[in-house]
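**Q** The structure is given below, and queries will be raised subsequently.
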Amino acid sequence: MTKPKLLITRKLRPDVEARAARDYDVTFNPEDRLFTRDELIAACRTVDAVLPCHSELFSADVIAEIGAGLKIIANHSVGTDHVDLTAAKAAGIVVTNTPDVLSDATAEIAMLCMLGAARRGAEGDAMVRSGQWNFWSPAFMVGRQVTSKRFGVLGMGRVGQVTAERARGFGMEIHYHNRRRLPEHLEKGAIYHDSLEGLLACSDVLSLHCPSTAENAGIINAKTLALLPDRAILVNTARGALVDETALIDALTSGKLFAAGLDVFQTEPGGNPKLAALQNIFMLPHIGSATEETRDAMGYRALDNLDAYFKGEEPHDRVA
Ligand code: DGY
């Protein structure tokens, strides 16, 4: 039987690539080079399926130019904001993602961002690393303690729930806002707010875990940042588009926010040089799910979705 033709846009883990090569006629990208828009379109025109990451943009015009041959976009990501789901659906292209498997890894990074921001991790590391650590006193590099503070979760989906569980380990009181209130066994004592405003007022640390959609672009902006308690900490491991970075810079500069811990930015790769110029910010290069275990699991989950599709079954993680 001829194997379906599959394009894998980025370098994946060796065992994931080996399984893909066993079951599909795969075009790999061994140099892990980012495709240009035209290269992506041309490559997708020659295959039945594509396994992309969030780094490949499938906008409505890209989908239209790819044309009729492509049957499925099996994402190697839980986020699907890089794919125009409406356009894909209209073009008859199935779209899947990789939920669940990256919740632990992302929750770990959220804790790292929270602690890095609260305890001035970037400043401390830079000082020791550069050989400029020449002073110590009880008044030196004093940060904010998170133990027993209020941890606000915006978006209590899978990642939000695991992150809340980790924050409970620091004795933090969990607050959340979500479209729907969770059942008691998932809520585990977390305090539900039926409005974003209600959540913001109670968040000593606010951690973002909602998907990036047209409706919530810039949901964290000058107006919403003003509703946080003074000297709060913002953590974003979801998507850069959720935050108005100019308003964030103002809040970090004025002292309204004590600090921020960010793994995601409006411009990726690269980040924002104006954010990078601030001391009270701890930053990482979008590595929330970048562990060996999670990368393996994401790759296998994307392949499971492809396998189901080509067996004529409904893929488990179909989003369009
Ligand atoms: C995701 O899965 O959405 C992560 O951000 C990595 O792409």
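Counting in my numbering, the sequence shown runs from 1 upward without gaps.
Note that CB positions come from ideal geometry on N, CA and C, so glycine has one too.
Which class does Leu115 belong to by DSSP, given the choice of helix, strand or coil?
**A** Here Leu115 sits in helix by DSSP.
**Q** For Val319, write down the residues that DSSP places opposite it in a beta bridge.
**A** According to DSSP, Val319 bridges with nothing at all.
**Q** Just to check, is the beta-carbon of Gly270 closer than 7 Å to a non-hydrogen atom of the ligand DGY?
**A** No, the beta carbon of Gly270 sits no closer than 7 Å to any heavy atom of the ligand DGY.
**Q** Please list, in chain order, all residues of the same chain as Tyr24 whose beta carbon is under 8 Å from its beta carbon, the five residues on each side excluded.
**A** Lys3, Pro4, Lys5, Leu6, Ala49, Leu306, listed in sequence order.
**Q** Assuming the contact rule is C-beta atoms closer than 8 Å, Ala232 and Leu257 should be a hit. Round their C-beta distance to whole Å, please.
**A** That belief holds up - the Cβ atoms of Ala232 and Leu257 are roughly 6 Å apart, short of 8 Å.
**Q** Report the option in Gln279, Gly157, Ile287, Lys311 whose CA atom is closest to the CA atom of Asp125.
**A** Selected option, being the one with the closest Cα: Gln279.
**Q** Taking buried to mean at least 16 other C-beta atoms within 10 Å of its own C-beta, is Lys149 buried or exposed?
**A** Lys149 comes out buried.
**Q** Listed by chain order, which residues have C-beta atoms less than 6 Å from any heavy atom of the ligand DGY?
**A** This selection yields Cys53, His54, Ser77, Val78, Gly79, Leu102, Gly288, Ser289.
**Q** Could you tell me the alpha carbon to alpha carbon distance between Val16 and Ala105, rounded to whole angstroms?
**A** Answer to the nearest angstrom: the Cα atoms are 18 Å apart.
**Q** For Phe28, which of helix, strand or coil comes out of DSSP?
**A** Reduced to three states, the DSSP call for Phe28 is coil.
**Q** From Val146 to Leu115, what does the alpha carbon distance come to, in whole angstroms?
**A** Answer to the nearest angstrom: the Cα atoms are 8 Å apart.
**Q** How would you call Ala42, buried or exposed, if buried means at least 16 neighbouring beta carbons within 10 angstroms?
**A** Result: exposed.
**Q** With the cut-off set at 8 Å, would you say Arg13 and Gly299 are in Cβ contact?
**A** A contact, by the Cβ cut-off of 8 Å.
**Q** So, helix, strand or coil for His177, using DSSP?
**A** If DSSP states are grouped into helix, strand and coil, His177 belongs with the strands.
**Q** Name the DSSP bridge partner or partners of Ala74?
**A** Paired residues: Thr96.
**Q** In the DSSP assignment, find the alpha helix (DSSP H) that holds Met127 and state where it starts and stops.
**A** It spans 121-129 - the alpha helix (DSSP H) in which Met127 sits, taken as one unbroken run.
**Q** When we look at the beta-carbon of Pro229 and count the other beta-carbons within 10 Å, is it buried (16 or more) or exposed?
**A** It is buried - the Cβ of Pro229 has at least 16 other Cβ atoms within 10 Å.
**Q** Using a Cβ-Cβ cut-off of 8 Å (strictly less than) and excluding sequence neighbours within five positions of Asp244, which residues of its own chain qualify?
**A** Cβ within range, chain order: Gly218, Ile220, Asn221, Ala222.
**Q** Considering Cα atoms alone, identify which of Leu112, Pro52, Glu31 is closest to Val78.
**A** Checked all of Leu112, Pro52, Glu31; the closest Cα to Val78 is Pro52.
**Q** Going by beta carbon distance, what residues of the same chain come within less than 8 Å of Glu165, once the five residues before and after it are set aside?
**A** Around Glu165: Ala107, Lys188.
**Q** Could you compute how far the alpha carbon of Asp317 sits from the alpha carbon of Asn97?
**A** Cα to Cα, the separation comes out at about 6 Å.
**Q** Mind checking Glu56: buried by the 16 CB within 10 Å criterion, or exposed?
**A** Glu56 comes out buried.
**Q** Could you have a look at Arg13 and say whether DSSP puts it in helix, strand or coil?
**A** Arg13 falls in the coil class under three-state DSSP.
**Q** Determine, using beta-carbon pairs with one atom in the region 265-277 and one in the region 290-297, whether at least three such pairs fall under 8 Å.
**A** No, the region 265-277 does not touch the region 290-297.
**Q** Would Gly152 and Leu206 qualify as a contact pair, given that the criterion is a beta-carbon distance under 8 Å?
**A** Closer than 8 Å, so yes.
**Q** Do the CB positions of Asp263 and Cys44 come within less than 8 Å of each other?
**A** No; because the gap between Cβ atoms is not below 8 Å, this pair is not in contact.
**Q** CB-CB under 8 Å to His76, same chain, minus the five flanking residues each way: which ones, in chain order?
**A** Cβ within range, chain order: Arg10, Leu12, Leu51, Pro52, Cys53, Thr98, Met298, Gly299, Ala302.
**Q** On the premise that Ile72 lies in contact with Val347, defined as a C-beta separation below 8 Å, what is that separation, rounded to the nearest angstrom?
**A** Examination of residue 347 is not possible in this model, given that the chain is present from 1 through 320 alone.
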